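If you're matching positions, the sequence shown starts at 7 in our numbering and goes up one per residue.
Glycine included, C-beta positions come from ideal geometry on N, C-alpha and C.
Bear in mind that the values here come from a model prediction, so they are computed numbers and not experimental data.
Structure, as structure tokens:
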Amino acid sequence: MKAALAQWLTTASRPVVHRAPNSGFQAAALRRLLCDIRGVECNESPLLSHFTLDAEANATALHKDGYDTLYSPPEASVKVAHRMWVGGRVSFSGPSDPSGPGSDPSGSSETDGVDDIDIHARVTKVEEKSSGAVFVWTERLLKNAQSHRTLITDSRTHFYKPSETQRTSPMIKHVPLPNVEFTFATPTFDTSPTSVFQYSAITFNSHRIHYDVDYCRNVEKYPDLLVHGPLTATLALDSARDALRTQLAPSSVRIHAFEYKAVSPLLVHTPFRVCGVIRQSAGSDPTQPRIMEVWVVRGTDDGVVMECTVEFSQSNKKTC
7 MKAALAQWLT
17 TASRPVVHRA
27 PNSGFQAAAL
37 RRLLCDIRGV
47 ECNESPLLSH
57 FTLDAEANAT
67 ALHKDGYDTL
77 YSPPEASVKV
87 AHRMWVGGRV
97 SFSGPSDPSG
107 PGSDPSGSSE
117 TDGVDDIDIH
127 ARVTKVEEKS
137 SGAVFVWTER
147 LLKNAQSHRT
157 LITDSRTHFY
167 KPSETQRTSP
177 MIKHVPLPNV
187 EFTFATPTFD
197 TSPTSVFQYS
207 AITFNSHRIH
217 YDVDYCRNVE
227 KYPDLLVHGP
237 LTATLALDSA
247 RDALRTQLAP
257 SSVRIHAFEY
267 KAVSPLLVHT
277 PFRVCGVIRQ
287 SAGSDPTQPR
297 IMEVWVVRGT
307 DDGVVMECTV
317 EFSQSNKKTC
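Structure representation (structure tokens):
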């Protein structure tokens with residue numbers, strides 16, 4: 007690892023705390039957007055609605071491509087030409103009072119009803135590749151500002167590609183869908199430049215690959231705007247939650263964690279669907295953690311764009 011990168015990691019690994027007012031407006035706006043994309047009625051906050059609380063950077067902390075540079079590697083170690091949010095893992099702590107308000111374990115976001123949230127953010131790991139590309143792992147602990155209880159642990163992986171390795175063609179590859187018998191498969195969804203722009207606005211994401219089509223084509227070499235990885239992940243998890251409720255009713259389902267990895271870009275106007283399979287049977291104790299594997303798949307060629315894992319369990323609590 008370069009000296010500048012190692013020195014930056016020493017500083018960036020120290021947690022920085024900022025307070026995010028949680029009016030509920032962002033989650034409501036995101037819920038409306040997902041309803042439009044999925045074509046269904048949504049009465050609950052998306053489980054990943056905390057992505058809307060990411061407004062940490064001001065204009066001085068943005069790269070020329072509009073990307074937030076708060077956790078980007080220093081220019082002395084890599085002159086970034088392309089960057090992507092390529093994956094992550096989100097763990098949900100669950101309600102402190104299982105019988106109290108908002109205690110439906112499969113329902114709304116952990117942050118619903120919490121007025122102020124303290125976000126403790128830090129870099130946890132950096133890996134430099136022989137090509138000069140850099141992977142950066144970050145961690146965000148979202149805590150109730152009043153009780154200081156951790157609500158969500160959000161780990162993310164970001165990829166930074168140096169300008170010395172400018173690409174001349176897009177990195178859109180075909181990843182085949184596994185040949186399995188799916189537990190569920192959604193109808194086909196679609197996104198438009200409008201819906202992608204709305205997600206950028208809701209999440210305070212100014213990366214130009216999501217709204218500047220000339221930049222996408224001339225600089226990033228993509229044929230069209232890109233759908234956000236976090237938006238794709240949010241659609242995947244909410245679809246999985248609905249499927250689990252349908253498959254395992256009337257038992258109550260608790261989602262403990264969600265892991266996602268982008269394997270190929272998803273462009274606007276590209277139809278896609280979400281499908282999944284429960285890998286572990288309940289056995290004699292349905293309250294033990296189980297796994298559902300989930301894929302987001304292009305409708306044009308059945309190519310996988312995102313691979314996900316949902317960790318969940320069932321409780322003995324009955325739902326109405």
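Pick from the options that is closest to residue i, judged by C-alpha positions
i      : options                           : result
Glu313 : Ala246, Leu250 and Tyr205         : Ala246
Ser153 : Leu76, Ile297 and Asp122          : Asp122
Ala139 : Pro182, Val219 and Leu11          : Leu11
Phe264 : Lys135, Cys222, Ser161 and Arg251 : Ser161
Ile208 : Ala35, Gln13, Ser29 and Thr16     : Ala35
Val310 : Arg296, Ser321, Thr238 and Val316 : Thr238
Ala191 : Val280, Ser258 and Thr240         : Val280
Trp143 : Asp230, Gly282 and His164         : His164
Lys167 : Arg44, Val92 and Leu273           : Val92
His213 : Leu250, Pro236 and Asp308         : Pro236
Val300 : Thr315, Asp308, Asp307 and Gln294 : Thr315
Phe195 : Lys8, Arg20, Gln13 and Val46      : Val46
Tyr77  : Trp14, Glu116 and Ala33           : Trp14
Ala151 : Gly282, Pro295 and Val23          : Val23
Leu272 : Gly282, Cys222, Gln294 and Pro295 : Cys222
Thr159 : Lys131, Asp74, Gly94 and Ile178   : Gly94
Residue i - containing alpha helix (DSSP H), residue span
i      : result
Tyr205 : Pro199 to Thr209
Leu11  : Ala9 to Ala18
Start and end residues, beta strand (DSSP E) containing residue i
i      : result
Leu147 : Val140 to Asn150
Thr156 : Thr156 to Pro168
Pro27  : Val22 to Pro27
Ile215 : Taken as a continuous stretch (DSSP letters only), Ile215 belongs to no beta strand (DSSP E), as it is neither H nor E.
Val303 : Arg296 to Arg304
Phe278 : Phe278 to Ile284
Ser97  : Val86 to Phe98
Inter-residue spacing [alpha-carbon to alpha-carbon] between residue i and residue j
i      : j      : result
Glu50  : Arg37  : 7 Å
Asp118 : Phe31  : 11 Å
Asp248 : Ser99  : 20 Å
Ser83  : Leu147 : 27 Å
Ile215 : Glu81  : 21 Å
Asp110 : Ser169 : Residue confidence for Asp110 is low, a pLDDT of 45 falling below 50, so the modelled location carries little weight; the figure read from the coordinates is stated next. C-alpha separation (whole angstroms): 48 Å.
Pro79  : Met90  : 13 Å
Ser136 : Cys48  : 46 Å
Ile261 : Pro199 : 31 Å
Arg25  : Lys149 : 9 Å
Asp220 : Tyr228 : 10 Å
Gly305 : Thr16  : 44 Å
Asp230 : Ser321 : 44 Å
Ser105 : Glu145 : Confidence at Ser105 is low in this model, with a pLDDT of 34, below 50, so the placement of that residue should be treated as unreliable; the coordinate-derived value is given next. Looking at the two C-alpha atoms, the distance is approximately 30 Å.
Asp308 : Arg20  : 42 Å
Arg251 : Ile297 : 14 Å
Thr276 : Leu232 : 10 Å
Ser29  : His56  : 12 Å
Ala9   : Phe210 : 32 Å
Ala33  : Tyr266 : 21 Å
Asn224 : Tyr217 : 13 Å
Asp244 : Cys41  : 11 Å
Val259 : His234 : 27 Å
Val86  : Gln294 : 44 Å
Gly72  : Glu133 : 23 Å
Asn185 : Gly282 : 11 Å
Lys179 : Phe141 : 20 Å
Secondary structure of residue i, DSSP reduced to three states
i      : result
Ser55  : helix
Gly108 : Because Gly108 carries a pLDDT of 37, less than 50, the predicted location of this residue cannot be relied on, and the following value inherits that uncertainty. Looking at Gly108 - three-state DSSP - the assignment turns out to be coil, as it is neither helix nor strand.
Phe31  : helix
Glu134 : strand
Leu232 : strand
Asp71  : coil
Cys48  : coil
Tyr221 : helix
Ser102 : Confidence at Ser102 is low in this model, with a pLDDT of 47, below 50, so its placement is unreliable and the value that follows should be read with caution. Residue state, collapsed to three classes: coil.
Leu273 : strand
Ser321 : strand
Thr315 : strand
Glu226 : helix
Asp124 : strand
Gly309 : strand
Ile261 : strand
Rounded Cβ spacing between residue i and residue j (contact assumed at less than 8 Å)
i      : j      : result
Phe278 : Val302 : 6 Å
Gln204 : Leu39  : 5 Å
Ala242 : Arg128 : At roughly 26 Å, the Cβ-Cβ gap does not stay under 8 Å, so Ala242 and Arg128 are not in contact.
Leu53  : Ile125 : In fact, because the Cβ distance is near 17 Å, the residues do not count as touching under 8 Å.
Val120 : Leu157 : 7 Å
His88  : Glu226 : 6 Å
Thr189 : Ile284 : 5 Å
Val202 : Val274 : 6 Å
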